[in-house]
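In terms of our numbering, the numbers along the sequence shown are unbroken and rise by one, the last being 321. All C-beta atoms in this analysis are idealised placements derived from N, C-alpha and C, irrespective of residue type, glycine included. These numbers were taken from a predicted model, which means no experiment stands behind them.
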Amino acid sequence: MNISVVIPLFNEEESLPELAGWIKKVMDSNQFTYEIILVDDGSTDRSWQVIEELNAANPHVKGIKFQRNYGKSAALYSGFESTKGDVVITMDADLQDSPEEIPEMYRMITEDKFDLVSGWKKKRYDPILSKNIPSKFYNWIARRATGIKIHDFNCGLKAYRRQVIKSIEVYGEMHRYIPILAKWAGFKKIGEKVVQHQERKYGVTKFGVERFIRGPLDLLSVIFISRFSKKPMHLFGVLGTLVFLIGFIATLVVGVNKLIALSHHVPAPKVTDTPYFFLALTAMIIGTQLFLAGFIGELVSRNSAERNKYLVEKVLD
């Protein structure tokens, strides 16, 4: 199979028939073999009924229905698990991503040998304050922190070589930074393509003001997990040892100064009367705790069996 299109959705009943028809038209005109995997992330409208109708009319349309809302990362993870295509395309269900971009993105993966191609919404039709400005800020930080030279990490329209999506694990809110996960999984050829962005035709955006907080926190999480998840001792152990040594040396200095004063019969305050002693002791305690945190993290690292288990109510194949 040439292409698997994975589409996470939440309350998009109005846009689904038009989107599925548009994708079918593009696939048929380019003679691609394909599947469309619609992942219903706990919708409360008629989205699942619409998916069932689309499946009955077109066997290329498949569906996964979550029992409750888990988020976009969970929907992508479950969709990735079900794919059979050599190239995997992800896109949003709100008709703001154009299926007309699929043939060129497919060519970039198959002929130009990119591992991942990310869409770049150079001209956006989103609200400036609530989406455009935060996106530009987060993308600038992500480029500086990771060295990946793309403009729009969070664009829903992306193309992947099959091996990429089978080599990374998307959970929590990590869908925003999949290119970073791919890079640290060893996939170096990451490119981008300017894509057409369209105004939302139906419904309202599902993202609120919490994206102002989640964006930087998600970036810190993905950097930490990618670099230190398998070796947390490399971070906590080093920090703990350094802080402990600072406290230990400070304690020695306080003690030595006391002994020198006594040897010269010079009146000196008690060691416990000086704040430096307690600061040094606190540093030693914190250093020990950091070291133990690294040790415990090393034991439980990557050991959660429940992290990517989701309650799937129905599956259409």
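Please report the residue range of the alpha helix (DSSP H) in which Lys27 lies. One point to set straight first is that residue 27 is Ile, not Lys, in the sequence displayed. 20-33 is the span of the alpha helix (DSSP H), which, as asked, contains Ile27.
Over what stretch of residues does the alpha helix (DSSP H) that includes Ser139 continue unbroken? Segment 137-150, the alpha helix (DSSP H) holding Ser139.
Cα-Cα separation, Ala60 to Thr48: Their backbone Cα atoms lie some 21 Å apart in a straight line.
For Trp52, which beta-bridge partners are listed by DSSP? DSSP lists no partner for Trp52.
Touching by the beta-carbon criterion (3+ pairs, under 8 Å), the region 141-155 and the region 102-116: Output reads no: the region 102-116 does not touch the region 141-155.
Check the DSSP bridge columns for Arg165 and list the partner residues they point to. Within the DSSP secondary-structure output, Arg165 pairs in a beta bridge with Val91.
According to DSSP, what are the bridge partners of Tyr206? Tyr206 has no beta-bridge partner at all, per DSSP.
Should Glu317 be labelled buried (16 or more other beta-carbon atoms within 10 Å of its own) or exposed? Its Cβ having fewer than 16 others within 10 Å, Glu317 is exposed.
Quick check: the region 87-103 against the region 11-23, are at least 3 beta-carbon pairs closer than 8 Å? Short answer: they touch.
Give the straight-line distance between the Cα atoms of Ala163 and Leu283, rounded to the nearest whole angstrom. Ala163 and Leu283: Cα-Cα distance of roughly 54 Å.
Three-way DSSP call (helix, strand, coil) for Val199 in this model: Three-state DSSP puts Val199 in coil, outside helix and strand.
Starting from the C-beta of Val186, find all residues in its chain whose C-beta is less than 7 Å away, skip the five residues before and the five after it, and write them out in chain order. In the sequence as displayed, the identity of residue 186 is Ala instead of Val. Excluding residues within five positions, the ones whose Cβ falls inside 7 Å are Asp119, Leu120, Val168, Ile172, Ile194.
If you measure from the beta carbon of Lys66 to each beta carbon in chain D, is any gap under 9 Å? No chain D is present in this structure, which holds just one protein chain.
Which ranges would you report for the beta strand (DSSP E) in the region 251-318 if only whole runs of at least 3 residues count? Look at the region 251-318 and you find no whole run of beta strand (DSSP E) that is 3 residues long or longer.
Give me the residue from Ile253, Val270, Tyr314, Phe240 with the minimum Cα distance to Gln293. Closest by alpha carbon: Phe240.
Suppose you measure from the CA of Gly89 to the CA of Val242; what does that come to, to the nearest Å? When rounded, the separation of the alpha-carbon atoms in Gly89 and Val242 is 44 Å.
To the nearest whole angstrom, what separates the beta carbons of Val174 and Leu315, a pair I think is in contact under 8 Å? No, Val174 and Leu315 are not in contact; Cβ-Cβ is about 18 Å, not under 8 Å.
Thinking C-beta only, is Val258 closer than 9 Å to Ile290? Taking 9 Å as the Cβ cut-off, Ile290 and Val258 do not qualify as a contacting pair.
Give the single residue among Arg165, Arg166, Pro183 whose Cα lies nearest to the Cα of Ile154. Of Arg165, Arg166, Pro183, the residue nearest in Cα terms is Pro183.
Identify which residue in Lys197, Val198, Phe191, Asn158 has its Cα closest to the Cα of His179. Closest in C-alpha terms to His179, from the list Lys197, Val198, Phe191, Asn158, comes Asn158.
What are the start and end residues of the beta strand (DSSP E) that includes Lys66? Per DSSP, Lys66 belongs to the beta strand (DSSP E) from 65-70.
My guess is that Pro21 and Val65 are in contact by the Cβ rule of under 8 Å, so how many angstroms apart are they, rounded? The pair is not a contact, with the Cβ atoms about 10 Å apart (cut-off 8 Å).
Is the distance from the Cβ of Lys117 to the Cβ of Val319 below 9 Å? Not closer than 9 Å, so no.
At what residues does the alpha helix (DSSP H) containing Gly83 begin and finish? For Gly83, the enclosing alpha helix (DSSP H) has its first and last residue at 76-86.
My understanding is that Ser19 touches Lys205, with C-beta atoms under 8 Å, so please give their C-beta distance in whole angstroms. Indeed, because the Cβ distance is near 7 Å, the residues count as touching under 8 Å.
Alpha-carbon spacing of Ser30 relative to Pro138, whole angstroms: Correcting the residue identity first, residue 30 is Val in this sequence and not Ser. Looking at the two C-alpha atoms, the distance is approximately 33 Å.
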